[in-house]
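A short worksheet on the structure shown next.
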Amino acid sequence: MKKLLLSTAVLLLGLLAHSQEADDLGNDNAGASVVARAEYSYSDSENNHLGNSSLYFVGDGVLSSRLSFSTQLHLLSSDPGSLYTTHLRSDSSDWLDWAYFNYDFGPVDISLGKTPIFIGTWEEQDYDFNIFNEFATNTWQNVQVYQWGGSLNISPHDDFFISAQATTSPFGEEPFASHLFAYGLSFGTDVYGGVFKDVYSFNFIQKADRTFLKLFNAGLNLNLGIWSLYFDATIDFFSYMLPNSKHLRVDCAFSDKCCLTAHAGLDNVGEDWGWDTNKWYGGLLFAWTPVESLRFHALGAYDNNLSSVTFNAGLTWTISL
Numbered sequence: 139m140k141k142l143l144l145s146t147a148v149l150l151l152g153l154l155a156h157s158q159e160a161d162d163l164g165n166d167n168a169g170a171s172v173v174a175r176a177e178y179s180y181s182d183s184e185n186n187h188l189g190n191s192s193l194y195f196v197g198d199g200v201l202s203s204r205l206s207f208s209t210q211l212h213l214l215s216s217d218p219g220s221l222y223t224t225h226l227r228s229d230s231s232d233w234l235d236w237a238y239f240n241y242d243f244g245p246v247d248i249s250l251g252k253t254p255i256f257i258g259t260w261e262e263q264d265y266d267f268n269i270f271n272e273f274a275t276n277t278w279q280n281v282q283v284y285q286w287g288g289s290l291n292i293s294p295h296d297d298f299f300i301s302a303q304a305t306t307s308p309f310g311e312e313p314f315a316s317h318l319f320a321y322g323l324s325f326g327t328d329v330y331g332g333v334f335k336d337v338y339s340f341n342f343i344q345k346a347d348r349t350f351l352k353l354f355n356a357g358l359n360l361n362l363g364i365w366s367l368y369f370d371a372t373i374d375f376f377s378y379m380l381p382n383s384k385h386l387r388v389d390c391a392f393s394d395k396c397c398l399t400a401h402a403g404l405d406n407v408g409e410d411w412g413w414d415t416n417k418w419y420g421g422l423l424f425a426w427t428p429v430e431s432l433r434f435h436a437l438g439a440y441d442n443n444l445s446s447v448t449f450n451a452g453l454t455w456t457i458s459l
């Protein structure tokens, strides 16, 4: 395990050093940062008061005019032992969120490595350190979406993309030895200069009994002045054509440093995954960003599974390297 971590660190340092040379030659896509998030969460029904407290390393770089890489390491969490006792498994989170190479052919590019499964919701598009457990869906909290595989991505113009993907399955234990796989097709648009954005996906995720969980996901985003609306829905489209999971988020950025966000969700996805299928939640989040690299937050939320109100306060600090 120590040799694996050391080898990963040496490889990353080498890639970042090479990428920095590309940056010195005029490519501005190289960068690395450490993201520290600390918070205190209080609820009568929860014993974990550290919430989503975490330490991440995020690195992106360009190795040539066409070849780039991206990685995110989850170095610490509120349960740090779990990140290192289940490393490189498909069915649980570990210290390596993603690490992949991307080769760009122009409007077409190919990605290979450990990447997120294409789940077409705005929740899944965001960085983990920007997600609040109190407002997270069952899918985000319980599914290990970071899997080994590859994708083919096509962007004929800036306001449309379509991607096809094949990865290992989160229902397997060993990434490839389990012989369980997941397949996805994702597409989306960005129109009217970012006023309206949408993202969709069809996912076929193989389970231990060799059958497939078949999901359709949709994420809609509308931006009007200081207001932003996000709506996510997940449908088990071969069971019944009604959203099994719905999540609504409304942002009000009433200044360039302050934002008030309302969340509400109803989550019935989970019967095939083995967790509670009747979850509804909601609450308010206030975020203050005095400088770009530092964000303070405070929230109050209610979850019917906890039958109590949760209060959470903390900060997220991004350090550029």
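Numbering (our numbering), first residue to last: 139 to 459. All C-beta atoms, glycine included, are put in the ideal place defined by N, C-alpha and C.
- How many angstroms separate the CA atom of Leu462 from the CA atom of Asp297? Because the chain spans 139 through 459 in this model, residue 462 falls outside it and cannot be assessed.
- To which residues of the same chain is Asp405 closer than 6 Å at the C-beta, ignoring the five residues directly before and after it? Excluding its 5 nearest sequence neighbours in each direction, Asp405 has C-beta neighbours in its own chain below 6 Å: Thr275, Asn276, Ser383, Lys417, listed in chain order.
- Query: Closest by CA to Phe256, which one among Gly310, Leu386, Gly357?
  - Reply: Checked all of Gly310, Leu386, Gly357; the closest Cα to Phe256 is Gly357.
- For Leu329 versus Asn291, is the C-beta distance shorter than 9 Å? In the sequence as displayed, the identity of residue 329 is Val instead of Leu. Remark: C-beta atoms of Val329 and Asn291 do not approach each other more closely than 9 Å.
- Ends of the beta strand (DSSP E) at Asn450? Run containing Asn450: 446-458, per the beta strand (DSSP E) assignment.
- Message: Taking a contact to mean a Cβ-Cβ separation below 9 Å, would you say Trp233 touches Leu213 in this structure?
- Response: The answer is yes: Cβ separation under 9 Å.
- Query: Taking Cβ positions, are Gln303 and Ser324 nearer each other than 9 Å?
  - Reply: Yes, the Cβ-Cβ distance between Gln303 and Ser324 is below 9 Å.
- Item | Spatial neighbours of Ala395 in its chain, beta-carbon cut-off 7 Å, leaving aside the 5 residues before and after | Contrary to the premise, residue 395 reads as Lys rather than Ala in this sequence. Around Lys395: Trp426, Thr427, Pro428.
- Task: Tell me where the alpha helix (DSSP H) around Trp260 begins and ends.
- Result: Here the alpha helix (DSSP H) through Trp260 covers 260-263.
- Message: Let me confirm a value: Leu221 is counted as buried when at least 16 other C-beta atoms fall within 10 Å, else exposed. Which label applies?
- Response: By the neighbour-count definition (other C-beta atoms within 10 Å, threshold 16), Leu221 is a buried residue.
- Would you mind listing the alpha helix (DSSP H) stretches within the stretch 186-230 that are 4+ residues and don't spill past its ends, in chain order? Runs found: 218-223.
- Extent of the continuous beta strand (DSSP E) run through Gln285: Residues 284-295.
- Coil, strand or helix - Asp232 by DSSP: Three-state result, Asp232: coil.
- Message: Just to confirm before moving on: does the CB-CB distance between Asp347 and Gln282 stay below 9 Å?
- Response: One thing to note: Asp347 has its Cβ no nearer than 9 Å to the Cβ of Gln282.
- Run through DSSP, which three-state label would Glu311 get? Look at Glu311 here: in three-state DSSP terms it is coil, with no helix or strand label.
- Query: For the stretch 187-196 against the stretch 257-276, are there 3 or more C-beta pairs whose distance is under 8 Å?
  - Reply: Under the 8 Å Cβ criterion, the stretch 187-196 counts as touching the stretch 257-276, having at least three qualifying pairs.
- Task: Take Val337 and list the residues in its own chain whose beta-carbon comes closer than 6 Å to its own, dropping the five residues that flank it on each side.
- Result: Only residues of its own chain outside the window of five on either side were considered, and among them Gly258, Gly326, Gly357 have a CB closer than 6 Å to the CB of Val337, listed in chain order.
- Member of Lys345, Thr448, Ser293 whose CA lies at the smallest distance from the CA of Glu187: The sequence shown places His at residue 187, rather than the Glu named in the question. The shortest C-alpha separation from His187 is found at Thr448.
- Message: For Gly164, count the other beta carbons within 10 Å of its own beta carbon; 16 or more makes it buried, fewer makes it exposed. Which is it?
- Response: Bear in mind that a pLDDT of 45 at Gly164, under 50, signals an unreliable position, so the model cannot answer this.
- To the nearest angstrom, report how far apart Cys390 and Trp455 are at their CA atoms. Using only the alpha carbons, I get a separation of about 22 Å.
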